[in-house]
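In our numbering, the protein residues as written are 1 to 300.
Everything on this sheet refers to the single structure shown next.
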């Protein structure tokens, strides 16, 4: 069975999507429509901008979404998923690819999400760090201690066994990193992000996005969508909406999501969009499955 997966923030790179635009009429139409919807020239930033310009959250999230969805659409009849899933932001790409959301609404929601998250980041200094080489339960225990004693610090992204990203207030994440290294973590790496994604500090962004999601029409997807908040398959529009709202302050349970796909029969994972980050994670969870990356015209 074929699973199609979609990357999140951090997968962007200068020049992303340019070859798709130049080689495919349908891709050109979608890129041009995106410029109209967003009200700025995202094509120019994606194709010609610097890495720093692409790092702005208001640009990054629509750019990764746009590249991912265009890639899936350009596959045409080859896009025949038995299941889909996305990492954080990638869940919006997955929902559009599976027909639960139309392209225009998906892009508007992603843009609203990016702007709401940017505001939440600016309201309170916060950060994230990747913890390498320590069991999830050990990371969870130390996060709980720091959360009670110092400040907000929670597990944010369960990327694969032995890699868990934590999120929270700057001081609390720093203290957690010190304790986690003392507990045996091989590495505790601060991430170059603007804030504490997937933590309670994103509550203002969640409140802002909730109204936009609730006002948007969602349809039954053409295949099960595996969602981050619980790692399980969903097909009911109301459930999908609720999970998408909860996602902003909840952990991304990517390890559990991939394991659930495997249990449902997935034997092939195709990553649509920029980068190969998800394939690296999946390879550590689904060691016997085939991995395919589609991010440019030559891959198509």
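Glycine is no exception: its CB is placed at the ideal position from the N, C-alpha and C atoms.
Since the model is a prediction, treat every value here as computed from it, not as a measurement.
| Check | Outcome |
| --- | --- |
| Identify the residues that DSSP records as bridge partners of residue 293: which are they? | 271 |
| Apart from the five residues just before and just after residue 243, which ones in its own chain have a Cβ nearer than 8 Å to its Cβ? | 227, 228, 229, 230 and 234 |
| Pick helix, strand or coil for residue 216, following the three-state DSSP scheme. | coil |
| Who pairs with residue 163 in a beta bridge, going by DSSP? | 132 and 160 |
| Between residue 213 and residue 179, is the Cβ-Cβ spacing less than 9 Å? | no |
| Starting from residue 31 and walking both ways along the alpha helix (DSSP H), at which residues does that stretch end? | 25–38 |
| Can you find the residues in the same chain that come closer than 7 Å, C-beta to C-beta, to residue 130, ignoring five residues on each side of it along the sequence? | 163, 165, 189 and 191 |
| Which class does residue 127 belong to by DSSP, given the choice of helix, strand or coil? | strand |
| Out of 40, 112, 16 and 157, which has the shortest C-alpha to C-alpha gap to residue 205? | 112 |
| Just tell me which of 203, 251 and 139 has its CA closest to the CA of residue 116. | 203 |
| Report the residue from 249, 102, 262 and 240 whose alpha carbon sits nearest the alpha carbon of residue 208. | 249 |
| Among the candidates 37, 10, 87 and 32, whose CA atom is the shortest distance from the CA of residue 282? | 87 |
| With distances taken Cα to Cα, identify the nearest neighbour of residue 125 among 85, 173 and 98. | 173 |
| What does a CB cutoff of less than 6 Å around residue 252 pick up in its chain, not counting 5 residues either side in sequence? | 88, 157, 198 and 228 |
| Does DSSP put residue 190 in a helix, in a strand, or in coil? | strand |
| Quick one: which unbroken beta strand (DSSP E) runs of 3-plus residues sit fully inside the stretch 40–91? Chain order, please. | 83–86 |
| DSSP beta-bridge partners for residue 2? | 268 |
| Per DSSP, what kind of secondary structure is residue 154 in: helix, strand or coil? | strand |
| Can you list, in chain order, the residues of its chain with a C-beta nearer than 6 Å to that of residue 292? Leave out the 5 residues immediately preceding and following it. | 270 |
| What distance in whole Å lies between the Cβ atoms of residue 14 and residue 54, which are believed to be in contact at a cut-off of 8 Å? | 6 Å |
| Apart from the five residues on each side of it in sequence, which residues of its chain come closer than 6 Å, Cβ to Cβ, to residue 254? | 87, 158 and 159 |
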